[in-house]
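Peer 1:
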Amino acid sequence: MTAHSSTLPAATMTEAILESISEGVFTVDNQWRITSFNRAAEQITGVTRAEALQQRCYEVFKSSMCEGNCPLRATLTNNQPIINRAGYFINAAGERVAVSVSTAVLKDAEGRVIGGAETFRDLSEVETLRSALNNPAQAGRMLSHSPAMQPVINLVPDVAASNSTVLIQGETGTGKELLAKTIHELSPRAGAPFVAVNCGALPDNLLESELFGYKKGAFTGATQDKPGRFALAGNGTLFLDEIGEVSPALQVRLLRVLQEQTFEPLGSTKSEQCHARIIAATHRDLTELVAAGSFRQDLFYRIHVVDLTMPPLRERSEDIDLLVNQFIHHFNQQQGRSITGIHSQALAVLRAYRWPGNIRELENVIERAFVLCREGDIELRHLPAGLNQPLSGSPAASSGSGTITDSRRSAERQRIVESLERHQYNRKATADELGIHKTTLYRKMKALAIDPQR
Ligand SMILES: Nc1ncnc2c1ncn2[C@@H]1O[C@H](COP(=O)(O)OP(=O)(O)OP(=O)(O)O)[C@@H](O)[C@H]1O
């Protein structure tokens, strides 16, 4: 230690130390308001000090630990520090960041508790490596490395073994129908048919005859008996997609089938037994439809016996590599091609995009790339140009959701690109200038789809 440093005031020295370390550090007062927030905390969270100060810590961190398992609360209650508790929070770009957290009590000169301090280490790199090394979790044809998919995958075997009606919720293209098929294929009904009906695609009267069938003469043009999907499903599974679109009149008929296990084809006076298992799906929030009076509460309870939610692709970005490889394999087989894989730059763009159309959109992007890429790896130039501007030009960015997040991402991306350019893309010099670790810079470049090889 030099003679100079020993003359610095203690507060300045503490501040200099806090600013220089790679762990995020923040302190809160007794009302959970943030009173200090160091430079590493800014870098790991993507939230600036000015934005964080005076906010409640749970508003800034949105952590897995904020609800019920808050280490700071435990420390302040028990007066005991916590060392290295694993968890995650959502950063300003909306990404999950795995962290290891330690906490301590803050006391004033008289020993009164005036708040708490928390330090946190970014574990994302470690987590990415770990999930890449681990085998994916699997349910039938569905594979996943993502923690967001674990609850679904864990439940599939029990759900498949039972006879209960299932409701699958999730955005469009997230794999609800594939999940329904998987449940069917793993169930004792696997030898019987899986029959799917899109309830949103047909007008009421057509949907009714499609579901229940009709007898000859039931209406003009009914020249012979036609079995409905309930009958065709037999002892198998009937998948009612877009159940939220069913009219109130048809909801009453569906409720009867579910309650009494019988139905009548149009023009028939005789009831038929329904043996099929029902799996319903919707991209709408059924509880909202119930509250608005457009979906019957009694029907909701009947179909909601088991409830599974498919996460959007942007919340399972750990699965992008896996899905891309599955699709490359699939299109190679289907088209008799031999595309070898995907270039890391192209993969980085896919990882950074927000995927409003979810897995279906990803599948389409790979199918399109197969048209443009004749051999070798899929490269950046084989992807749609729109994917490369996930920060301002994507439908997700312009849809009104997360625009603050997107502008933060955009600002951060610009800051990093400018610094990289100043240092001829030397990552060590760039990381030094930005005051972040080289691995953090690398992670950010990947997440923000910044080309590393320029
Ligand atoms: N885990 C997966 N692995 C491979 N392909 C998948 C996976 N999940 C979904 N897909 C593919 O993505 C596409 C969309 O899936 P699916 O039709 O099951 O979604 P969905 O949620 O039912 O969509 P919608 O709400 O529009 O009906 C399908 O082509 C499906 O094969």
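So in the UniProt record's numbering, spot 133 of the sequence shown is number 133, and the numbers just go up one at a time. Ideal Cβ placement from N, Cα and C applies to all residues, glycine included.
#1: So, helix, strand or coil for Arg-33, using DSSP?
#2: Does DSSP classify Pro-136 as helix, strand or coil?
#3: Please classify Asp-204: is it buried, with 16 or more other beta-carbons within 10 angstroms of its beta-carbon, or exposed?
#4: Is the separation between the beta-carbon of Gln-169 and that of Thr-282 shorter than 8 Å?
#5: Is the stretch 270-279 close to the stretch 314-321, with three or more CB pairs under 8 Å?
#6: To the nearest angstrom, report how far apart Met-445 and Ile-34 are at their CA atoms.
#7: Given 7 Å as the limit, tell me if Thr-174 has its C-beta closer than that to any heavy atom belonging to ligand 1.
#8: Take Gly-400 and list the residues in its own chain whose beta-carbon comes closer than 7 Å to its own, dropping the five residues that flank it on each side.
#9: Rounded to whole angstroms, what is the Cα-Cα separation between Ile-82 and Pro-71?
#10: Does DSSP classify Ile-450 as helix, strand or coil?
#11: Do you know whose CA, among Leu-434, Asp-432 and Arg-427, lies nearest Tyr-442's CA?
#12: Quick one: what does DSSP say Gln-54 is sitting in, helix, strand or coil?
#13: Could you please give the first and the last residue of the uninterrupted alpha helix (DSSP H) stretch that includes Ala-281?
#14: Just to confirm my understanding: we take Gln-297, look at its own chain, exclude 5 residues before and 5 after, and list those with CB closer than 8 Å. What are they?
#15: Quick one: grab the DSSP three-state call for Phe-370.
#16: Starting from the Cα of Leu-448, find the closest Cα among Val-324, Ser-419 and Ala-352 and give me that residue.
#17: Quick one: using the 10 Å Cβ neighbour count with 16 as the cut-off for buried, is Thr-12 buried or exposed?
#18: Would you report the Cα separation of Gln-150 and Thr-45, rounded to the nearest angstrom?
#19: Does Asn-163 pass the burial test, meaning 16 or more other C-beta atoms within 10 Å, or should it be called exposed?
#20: Mind checking Val-113: buried by the 16 CB within 10 Å criterion, or exposed?
#21: Could you tell me the distance, in whole angstroms, from the CA atom of Gln-251 to the CA atom of Phe-295?
#22: Please classify Ile-17 as buried or exposed, where buried requires at least 16 neighbouring CB atoms within 10 angstroms.
#23: How should Ile-21 be labelled, buried or exposed, when 16 other C-beta atoms within 10 angstroms of its C-beta is the threshold for buried?
#24: Using 7 Å as the cut-off, classify the Cβ of Glu-367 as near or not near the heavy atoms of ligand 1, replying yes or no.
#25: Is DSSP giving Arg-49 helix, strand or coil here?
#26: If you follow the alpha helix (DSSP H) that Leu-179 is in, where does it begin and where does it stop?
#27: Can you tell me where the alpha helix (DSSP H) holding Asn-205 begins and where it ends?
#28: Does any heavy atom of ligand 1 sit closer than 7 Å to the C-beta of Gly-87?
#29: Hey, would you say the C-beta of His-343 is under 7 Å away from at least one heavy atom of ligand 1?
#30: According to DSSP, what are the bridge partners of Gly-357?
#31: Use the C-beta contact count for Asn-358: other C-beta atoms within 10 angstroms, 16 or more gives buried, fewer gives exposed.
#32: Tell me, please, which residues DSSP counts as bridged to His-102.
#33: Classify Tyr-425 as helix, strand or coil using the three-state DSSP reduction.
#34: Closest to Thr-309 by C-alpha separation, out of His-329, Leu-186, Ala-249 and Leu-286, would be which residue?
#35: Taking the straight line between their C-alpha atoms, what separation do you get for Thr-174 and Arg-284?
#36: State the DSSP-derived secondary structure class of residue 472, mapped to helix, strand or coil.
Peer 2: According to the structure shown:
#1: strand
#2: coil
#3: exposed
#4: yes
#5: no
#6: 29 Å
#7: yes
#8: Its pLDDT being 33, under 50, Gly-400 is placed unreliably by the model, and the measurement read from it follows with that caveat. Around Gly-400: no qualifying Cβ.
#9: 7 Å
#10: coil
#11: Arg-427
#12: coil
#13: No alpha helix (DSSP H) holds Ala-281; the beta strand (DSSP E) holding it covers 277-282.
#14: Val-290
#15: helix
#16: Ala-352
#17: exposed
#18: 25 Å
#19: exposed
#20: exposed
#21: 8 Å
#22: exposed
#23: exposed
#24: no
#25: helix
#26: 176-185
#27: 204-212
#28: no
#29: no
#30: Partner(s): none; Gly-357 has no beta bridge.
#31: buried
#32: What sits at residue 102 in the sequence shown is Ser, not His. DSSP, once it has assigned bridges, lists Thr-119 as partnering Ser-102.
#33: coil
#34: Leu-286
#35: 13 Å
#36: It is not possible to answer for residue 472, since the shown part of the chain is limited to 1 through 454.
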